[in-house]
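Below is one structure, written out as structure tokens, with a few remarks after it.
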Amino acid sequence: MNLKEQLYICTLAKYGNITKASERLFISQPALSAFLSGVESELGVKLFERTNKGMLITSAGQIYVRYATEMLKLKDSFNLDMQELLNQQTSRIHIGIQQRRASFLLPKAWRQFMNMFPETLLEITEGTGEALMEALNCHEIDMAVVTVATLPKTYEYAVLGEDRILLAMSRDNPLNQYAQHTDGSAYPSIDIAHCSDQTFILQQPDQSIRVIIDKIFNNAKIKPMRTIGIRNIETAVQFASENLGLAFTRESYVRNSSNQKVVYYYIVNNHIKEKVVVAWCKDTPLSAPMKGLIDTLRTVYNSNRIIMR
């Protein structure tokens, strides 16, 4: 039962501010604004008045919110009844995960988990971090494995580990001369200022890794002159291996890569460390299988140790 429309409108009414509402819903402000405009267009009435002081609910909006609130309460009751029924039969966990991480994390975790909970069914949804958090917020999935720089207080989390952004460069790129080696470091470092005239192979703005990349550019006061847009991080690294530009990836992804044509670098003065977490809604009680799955994911995530290069 999907009541995303009702949830979005009620959240807007609660906060009276599109910025706060979008943060709570884990979607972008433009997306929420467009969503509201679509609902109002379909209904033929304004639910909110846009003012300098925020979003003021209209009389029509008050009627909408009154009924939508009841619908959301009914949905919660429905979910509880359905969950009770499922618990009497067999348990099911619907987990969301970022696509690149799924390929090396889920197979091992799945095998270990099924040995512990053979009667539990796992359902998997792959997507971007933003899309998964939106699905989690709408209770379309039970848990989400995502990479976040900060932890919103609206969810519960179990941290699997930390991750860092790496710059991927062909071994044939002359910029390798600027490598800075540090004893005990898994990878050399490079000042991204040396790369300002290079072609960058970047993910799309709605991908979580791109948000961090843009922060790195801003901190270094760099505006890439030439870019290639590719969603798939592994494909971007393959482009870099052919010396077609520079790409970005995550340290945990490289643990499972064997591309010998690429050199990976930490970025000088980039202190952003992301956390890889399992997130779930505060109103979702953790069952024994869910706790077991979290423990299994943490074990598998930390089993791949970084090899010094």
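This note's numbering puts the first residue of the sequence shown at 1109, with every later residue one more than the last. Glycine is no exception: its CB is placed at the ideal position from the N, C-alpha and C atoms. Please read all numbers here as calculations on a predicted model, not as lab measurements.
By Cβ distance below 6 Å, which residues in the same chain neighbour residue i in space, the five residues on each side in sequence not counted?
i	result
T1335	F1308 and L1310
V1384	T1255, L1268, G1269 and D1271
H1289	P1296
N1378	I1324
M1224	G1400
Just to confirm before moving on: does the CB-CB distance between residue i and residue j stay below 8 Å?
i	j	result
L1268	I1298	no
I1380	I1273	yes
V1371	R1279	yes
I1317	F1356	yes
V1173	A1121	yes
M1163	G1124	yes
E1231	W1388	no
I1205	E1234	yes
A1266	V1386	yes
I1321	A1257	no
F1156	G1169	yes
As a quick exercise: from the options, pick the residue whose alpha carbon is nearest that of residue i.
i	options	result
Q1207	F1325, M1333, R1339 and M1222	R1339
V1254	N1223, F1225 and R1358	R1358
S1395	R1200, P1332, S1349 and M1277	R1200
L1115	H1289, A1328 and Y1175	Y1175
I1165	D1184, I1126, T1407 and A1139	I1126
E1382	P1397, K1323, G1204 and D1403	K1323
P1397	K1390, K1154, G1292 and T1228	T1228
L1244	T1392, E1150 and S1411	T1392
T1407	P1332, E1157, F1221 and Q1285	F1221
M1333	E1242, S1304 and R1209	S1304
Y1374	G1400, N1284, D1314 and L1405	N1284
Counting only the same chain and skipping the five closest in sequence on each side, list residues whose C-beta sits under 7 Å from that of residue i.
i	result
T1119	A1129, R1132 and L1133
G1337	L1310 and Q1312
Y1409	L1213, L1268, G1269 and V1384
G1353	Q1306, T1307, F1308, I1309, I1336 and F1347
K1112	C1246
K1181	none
Q1196	Caution applies to Q1196, whose pLDDT of 46 falls short of 50 and renders its modelled position unreliable; the value that the coordinates give is listed next. Hits under 7 Å: none found.
Note down, in chain order, each residue of its chain lying with its Cβ closer than 8 Å to the Cβ of residue i, except the 5 sequence neighbours on either side.
i	result
S1083	No statement about residue 1083 is possible, as the shown extent of the chain runs from 1109 to 1417 and does not include it.
N1110	C1246 and E1248
S1167	none
Taking the alpha helix (DSSP H) that residue i belongs to, which residues open and close that run?
i	result
R1219	Q1207 to M1224
S1145	Q1137 to L1151
T1277	The amino acid occupying residue 1277 in the given sequence is Met; Thr does not appear at that position. M1277 -> not in any alpha helix (DSSP H); beta strand (DSSP E) instead, spanning I1273 to S1278.
M1241	G1237 to N1245
A1119	Correcting the residue type first, residue 1119 is Thr in the shown sequence and not Ala. K1112 to Y1123 is the span of the alpha helix (DSSP H), which, as asked, contains T1119.
M1398	A1396 to S1411
L1133	I1126 to L1133
I1336	Looking at the DSSP string, I1336 is not in any alpha helix (DSSP H); the run it does join, the beta strand (DSSP E), is R1334 to G1337.
E1359	E1359 to V1362
What first and last residue would you give for the beta strand (DSSP E) that runs through residue i?
i	result
C1424	Outside the displayed range of the chain (1109 to 1417) lies residue 1424, so it cannot be described from this structure.
A1252	M1251 to V1256
K1323	That residue, K1323, is in no beta strand (DSSP E); its alpha helix (DSSP H) goes S1316 to N1327.
Y1372	V1370 to I1375
A1348	No beta strand (DSSP E) holds A1348; the alpha helix (DSSP H) holding it covers I1341 to S1349.
E1157	F1156 to T1159
L1164	G1162 to I1165
E1227	No beta strand (DSSP E) contains E1227, which DSSP labels as neither H nor E.
A1387	E1382 to C1389
Between residue i and chain C, is the shortest Cβ-Cβ distance under 8 Å, so that the two count as touching?
i	result
E1350	Considering every chain present, this structure includes no chain C. It has just one protein chain.
Say yes only if the C-beta of residue i is nearer than 7 Å to one or more non-hydrogen atoms of the ligand FAD, and no if none qualify.
i	result
E1382	Ligands displayed in this structure: none; no statement on the ligand FAD is therefore possible.
**Message:** When you compare the stretch 1121-1134 with the stretch 1238-1248, are there three or more beta-carbon pairs, one atom per stretch, that lie closer than 8 Å?
**Reply:** yes
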